[in-house]
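Input: a single structure, listed below in structure tokens.
2 protein chains.
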Amino acid sequence: MVRSLLVQSLGFRNCHRQFGKRDCLSLRPRFSSSAGFRSPSDNDVIFFRSILSDTRVVQDEDTLRVRNTDWTKQFQGRSKILLQPSTSGQVAEILQYCQREKLAVVPQAGRTGLVGGSIPLEEEIILSTEKLNLIHDLNAYTGILRCQAGCILADLQAYCADRDHLVPVDLGSKGSCQIGGNLSTNAGGQYYYRYGSLAANVLGLEVVLPDGRILNLNYQHSNLKDNTGYKIHQLFLGAEGTLGVVTGVAMLCPRMPRSRQAAFLACDRYEDVLQVLQTAKSELGEILAALEWMDQKAVELVSNNHTIPLLASDGAIYNNYLLIETHGSCPDHDQEKMEKFLELAMDKGHVVDGVLAQDLSQIESFWNIRESANPAVAATGYGYKYDVSLPLPEFVHFIDEMRSRLQGLNTLNANWGHIVDGNLHFNVTTPGLFQVDESVSDRLQPYLFESVLRRGGSISAEHGLGQTKNSYLKIVHDADCLIAMQKIKYAFDPVGILNPHKFLPRQ
Amino acid sequence: MVRSLLVQSLGFRNCHRQFGKRDCLSLRPRFSSSAGFRSPSDNDVIFFRSILSDTRVVQDEDTLRVRNTDWTKQFQGRSKILLQPSTSGQVAEILQYCQREKLAVVPQAGRTGLVGGSIPLEEEIILSTEKLNLIHDLNAYTGILRCQAGCILADLQAYCADRDHLVPVDLGSKGSCQIGGNLSTNAGGQYYYRYGSLAANVLGLEVVLPDGRILNLNYQHSNLKDNTGYKIHQLFLGAEGTLGVVTGVAMLCPRMPRSRQAAFLACDRYEDVLQVLQTAKSELGEILAALEWMDQKAVELVSNNHTIPLLASDGAIYNNYLLIETHGSCPDHDQEKMEKFLELAMDKGHVVDGVLAQDLSQIESFWNIRESANPAVAATGYGYKYDVSLPLPEFVHFIDEMRSRLQGLNTLNANWGHIVDGNLHFNVTTPGLFQVDESVSDRLQPYLFESVLRRGGSISAEHGLGQTKNSYLKIVHDADCLIAMQKIKYAFDPVGILNPHKFLPRQ
Numbered sequence: 001m002v003r004s005l006l007v008q009s010l011g012f013r014n015c016h017r018q019f020g021k022r023d024c025l026s027l028r029p030r031f032s033s034s035a036g037f038r039s040p041s042d043n044d045v046i047f048f049r050s051i052l053s054d055t056r057v058v059q060d061e062d063t064l065r066v067r068n069t070d071w072t073k074q075f076q077g078r079s080k081i082l083l084q085p086s087t088s089g090q091v092a093e094i095l096q097y098c099q100r101e102k103l104a105v106v107p108q109a110g111r112t113g114l115v116g117g118s119i120p121l122e123e124e125i126i127l128s129t130e131k132l133n134l135i136h137d138l139n140a141y142t143g144i145l146r147c148q149a150g151c152i153l154a155d156l157q158a159y160c161a162d163r164d165h166l167v168p169v170d171l172g173s174k175g176s177c178q179i180g181g182n183l184s185t186n187a188g189g190q191y192y193y194r195y196g197s198l199a200a201n202v203l204g205l206e207v208v209l210p211d212g213r214i215l216n217l218n219y220q221h222s223n224l225k226d227n228t229g230y231k232i233h234q235l236f237l238g239a240e241g242t243l244g245v246v247t248g249v250a251m252l253c254p255r256m257p258r259s260r261q262a263a264f265l266a267c268d269r270y271e272d273v274l275q276v277l278q279t280a281k282s283e284l285g286e287i288l289a290a291l292e293w294m295d296q297k298a299v300e301l302v303s304n305n306h307t308i309p310l311l312a313s314d315g316a317i318y319n320n321y322l323l324i325e326t327h328g329s330c331p332d333h334d335q336e337k338m339e340k341f342l343e344l345a346m347d348k349g350h351v352v353d354g355v356l357a358q359d360l361s362q363i364e365s366f367w368n369i370r371e372s373a374n375p376a377v378a379a380t381g382y383g384y385k386y387d388v389s390l391p392l393p394e395f396v397h398f399i400d401e402m403r404s405r406l407q408g409l410n411t412l413n414a415n416w417g418h419i420v421d422g423n424l425h426f427n428v429t430t431p432g433l434f435q436v437d438e439s440v441s442d443r444l445q446p447y448l449f450e451s452v453l454r455r456g457g458s459i460s461a462e463h464g465l466g467q468t469k470n471s472y473l474k475i476v477h478d479a480d481c482l483i484a485m486q487k488i489k490y491a492f493d494p495v496g497i498l499n500p501h502k503f504l505p506r507q
Numbered sequence: 001m002v003r004s005l006l007v008q009s010l011g012f013r014n015c016h017r018q019f020g021k022r023d024c025l026s027l028r029p030r031f032s033s034s035a036g037f038r039s040p041s042d043n044d045v046i047f048f049r050s051i052l053s054d055t056r057v058v059q060d061e062d063t064l065r066v067r068n069t070d071w072t073k074q075f076q077g078r079s080k081i082l083l084q085p086s087t088s089g090q091v092a093e094i095l096q097y098c099q100r101e102k103l104a105v106v107p108q109a110g111r112t113g114l115v116g117g118s119i120p121l122e123e124e125i126i127l128s129t130e131k132l133n134l135i136h137d138l139n140a141y142t143g144i145l146r147c148q149a150g151c152i153l154a155d156l157q158a159y160c161a162d163r164d165h166l167v168p169v170d171l172g173s174k175g176s177c178q179i180g181g182n183l184s185t186n187a188g189g190q191y192y193y194r195y196g197s198l199a200a201n202v203l204g205l206e207v208v209l210p211d212g213r214i215l216n217l218n219y220q221h222s223n224l225k226d227n228t229g230y231k232i233h234q235l236f237l238g239a240e241g242t243l244g245v246v247t248g249v250a251m252l253c254p255r256m257p258r259s260r261q262a263a264f265l266a267c268d269r270y271e272d273v274l275q276v277l278q279t280a281k282s283e284l285g286e287i288l289a290a291l292e293w294m295d296q297k298a299v300e301l302v303s304n305n306h307t308i309p310l311l312a313s314d315g316a317i318y319n320n321y322l323l324i325e326t327h328g329s330c331p332d333h334d335q336e337k338m339e340k341f342l343e344l345a346m347d348k349g350h351v352v353d354g355v356l357a358q359d360l361s362q363i364e365s366f367w368n369i370r371e372s373a374n375p376a377v378a379a380t381g382y383g384y385k386y387d388v389s390l391p392l393p394e395f396v397h398f399i400d401e402m403r404s405r406l407q408g409l410n411t412l413n414a415n416w417g418h419i420v421d422g423n424l425h426f427n428v429t430t431p432g433l434f435q436v437d438e439s440v441s442d443r444l445q446p447y448l449f450e451s452v453l454r455r456g457g458s459i460s461a462e463h464g465l466g467q468t469k470n471s472y473l474k475i476v477h478d479a480d481c482l483i484a485m486q487k488i489k490y491a492f493d494p495v496g497i498l499n500p501h502k503f504l505p506r507q
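Chains as they are written, first to last, in full-length UniProt numbering: chain A, 1 to 507; chain B, 1 to 507.
As structure tokens, then:
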């Protein structure tokens, strides 16, 4: 109630006043002076070299240029030191020193995030987890995987697959993202519906606090059921490295499914999409693993580089496309369920065309279509990307509202999302223009977020807050919740050295 | 590492010294004097009546006698005031007053816990959630249930069943336990393997803090995916009312399975049980919902009042019994899977006898056998009940060790547990003796907990800490973790009015 009242009372005009243009677009606070951090010195480098080997204290300009930039090229820091510890003890010594010396630190994993959470704002020291990459073990009885935070997601997936298990998260950047980054952003991905949130599967963590304490939060010994003490480890999940540095995880991994199926479907109306979703839940039941939605424009853009199996005979493109995947334990049974589901959905007229993957490579090709939406849209111009949750019936109304706000501007809007989770990826680009256009950004923000909240959604479904959405937290949560969050931050990071000016609103 | 070192270095002798007889058995701290709380006065009653109606400020002796006693009759408080607010605003006014006036408060739900978490130690005011019992709604698209904390679990189950969903927790006391109590103890139950922990399914909470602030933690608007801010709501799950009073919850409820099957099986050796468990996971896959274990003695006791379908032809009782349940979406498929699993398990000789339920009433009768273990054991004498997690291969070694420690004493040991979750319920009674026998309790504690920790288990799998296990937290978590927990407690309950001297170790 408090939240919706707040949003209503702020309204469009006041929202704009509170988060004016300067505040929205200027992402550079006067860092060093306002927060009291100092620039790292040669003496600091000498200290870091005494803990790590010389090669793990990186000052090479080319490397640092890469580590200071996110892959969307939207964020750029000026850090001059990259540290690559390989033990939690080394992380502890580094953080303890930085807290004492008032040196700001940005924990960094695979740099695949979209909100600038792991990119320095200014001269923060980059603390990379990439060398913390040991896989300890996978317990054959419980399926609990224990590993260090810097393991690449794809490496963990391969390790688990060899042992008949899978990691309960999967996403496009699996080849470079690290599990510690996935945890610190509470990454979602396509199989959230089937396996639950990453946080739901974490049983234990090892975390290093800024004062050098190493918290073993049910990490050394992990049990499926453990009710001894507060669930402190949950605080570090999705906290974007603002409370401590996650160095290890114990995570529940389900059995590898014996059969996978995928179908690529077309629906005329959005209402049909909602009906198909309900039919899929009831007919596919426990084997429904993913249900992805793409709109006409997204498929049209992808079709330039991909063969889309469901182009209408006259070359026209349908209004809605769905990619459905199942994970089950019995190929024959799963196929029967899929066939019954498709029969029902087509009999009712909700699905107008569809194709079933015949093998794993066809399943891959369906996912290639879905995952090509992002680069296909990015190729057209400067991208304004929004990751939001919405009540399902609101998807179209929200999109219509935002499209009408963009009328008269040279923009392109293409959308897709993990619709079974209520997660929409809303994308606007300016065709041919590859730099920010304030006339577009002004029409989008903050109105877009206000609309999401008014409709009962979340302004960040799975990409986090970082340095792009933290200012908006004030209209997401009421003052009491923000106070509680600030208390948590202070309890763990009293000097505020970890990822300053991110995640929480700037003071 | 820290934990295991600590345990090893304490050893049996030192453990005993640290948690000596007086400390283990005397569960009554000198409450009022040490913590600075005062006894409630007539003026306090006048204030409470000004907030609630007279009938909701209960001083009736008979009612209070019941509310001061837990159902195991192990714990007894002396509270003289029971409050029954029906809104979170009333809870806020009560707590704010109690914090200012230094009045200690025990939040109380259905009083079905086993560790005395909701029973006063002395004169604490009992804050009952029983009148906070509104069910708001179940979202047809997402399956998110929103309700107040005082709803009876069975009522929620019926409400959800009417809407083709189920509550992701089920346990024997469903007829009287409240969802707020389930949340505050992070209750486990029999379907944990299939639906995950209760905490994993909670998307939002409404919580009242001792200073009267009402935190709406994604409660008014809940989305499956929401990455805006720290996961503060997770702190209140399993916290036994020591940080705030949970007044409402938004919880993910899965679709109701269309088919349920159950089998009751017998195994000779414990190693066979482990093999059956692995076969069940791989053959039943996604439909495996519950796998319960009972030992010979437990079944023998139950057989006095129940027809056990698998008594051997000569009347002998097998060494191990398993109850397996599946939840699926297609009866034919599920039956085929079950048959294949049983065929494999019997072919390999891991299952020596078995029976399949033919209908729902037979499924119920299997569960009656399992759920009768508790009362059957309790009827024999004074009960020493332990709820622990253990690595699966350790179950028998742990039981053997504890049995050998009890040799020479007149005791009976019967065991059962949610074995698929690694959750053992270890039970000792003294036949014919219905009061505590220190020669028995001395043999059990603290050695039992030390043995569990040494084997990598948890001393509380699903029953919480309350006033029975909180002292042992010092050997479960290292000093740094305890400091972190104390900081969390202080951040939310600085005066310490909520459930004092419970959950965390007494200072």
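Note that the Cβ used here is the ideal one computed from N, Cα and C, for glycine as well.
Give the residues of chain A in contact with residue i, contact being defined as C-beta atoms less than 8 Å apart.
| i | result |
| --- | --- |
| residue 337(B) | 329, 330 and 333 |
| residue 141(B) | 274, 277, 278, 391, 392, 393 and 422 |
| residue 225(B) | 188, 192, 197, 389, 418, 421, 422, 423, 458, 461 and 462 |
| residue 354(B) | The premise fails here: residue 354(B) is roughly 20 Å from chain A at the closest Cβ pair, so nothing lies under 8 Å. |
| residue 397(B) | What residue 397(B) touches in chain A: nothing, since even the nearest Cβ is about 14 Å away. |
For a contact meaning CB atoms closer than 9 Å, what does residue i contact in chain B?
| i | result |
| --- | --- |
| residue 485(A) | 229, 230 and 232 |
| residue 217(A) | 477, 481 and 484 |
Taking C-beta to C-beta, are residue i and residue j nearer than 7 Å?
| i | j | result |
| --- | --- | --- |
| residue 125(A) | residue 179(A) | no |
| residue 440(A) | residue 409(A) | yes |
| residue 207(A) | residue 198(A) | no |
| residue 274(A) | residue 280(A) | no |
| residue 37(B) | residue 109(B) | no |
| residue 529(A) | residue 248(A) | Residue coverage of chain A in this structure runs from 1 to 507, which leaves residue 529(A) outside it and unanswerable. |
| residue 72(B) | residue 176(B) | no |
| residue 186(B) | residue 186(A) | no |
| residue 232(B) | residue 373(A) | no |
| residue 246(B) | residue 322(B) | no |
| residue 200(B) | residue 200(A) | yes |
Which same chain residues, not among the five before or five after residue i, have their C-beta less than 8 Å away from its C-beta?
| i | result |
| --- | --- |
| residue 359(B) | none |
| residue 340(A) | 283 |
| residue 143(B) | 165, 252, 253, 254 and 255 |
| residue 357(B) | 261, 262, 263, 264, 363, 365 and 366 |
Using the beta-carbon of each residue, which ones in chain B are nearer than 7 Å to residue i?
| i | result |
| --- | --- |
| residue 281(A) | 255 |
| residue 306(A) | Those do not exist, as residue 306(A) stays about 27 Å from chain B at its closest Cβ, beyond 7 Å. |
Counting only Cβ pairs nearer than 7 Å, list the residues of chain A close to residue i.
| i | result |
| --- | --- |
| residue 287(B) | 286 |
| residue 213(B) | 480 |
| residue 237(B) | 231 |
In its own chain, which residues sit with a C-beta less than 6 Å from the C-beta of residue i, not counting the 5 before and 5 after it?
| i | result |
| --- | --- |
| residue 296(A) | 317 and 319 |
Who are the Cβ neighbours of residue i in its own chain at under 7 Å, not counting the five residues just before and after it?
| i | result |
| --- | --- |
| residue 116(A) | 70, 74, 75, 466, 467 and 468 |
| residue 90(B) | 51 and 52 |
Taking beta-carbon pairs under 7 Å, can you tell me which members of the region 478–503 of chain B lie near chain A? 478, 480, 481, 484, 485, 487, 488 and 491
Kindly provide the ranges of any beta strand (DSSP E) runs that are 3 or more residues long and lie completely inside the region 264–349 of chain B, ordered along the chain. 288–295 and 320–328
I'd like the ranges of any beta strand (DSSP E) spanning at least 3 consecutive residues and lying wholly in the region 187–263 of chain A. 202–208, 214–217 and 245–252
Check each residue of the region 160–190 of chain A: if its Cβ is closer than 8 Å to any Cβ of chain B, include it; give the result in chain order. 164, 185, 186 and 188
Whole runs of the alpha helix (DSSP H) within the region 422–454 of chain A, excluding any shorter than 4 residues: 438–444 and 447–454
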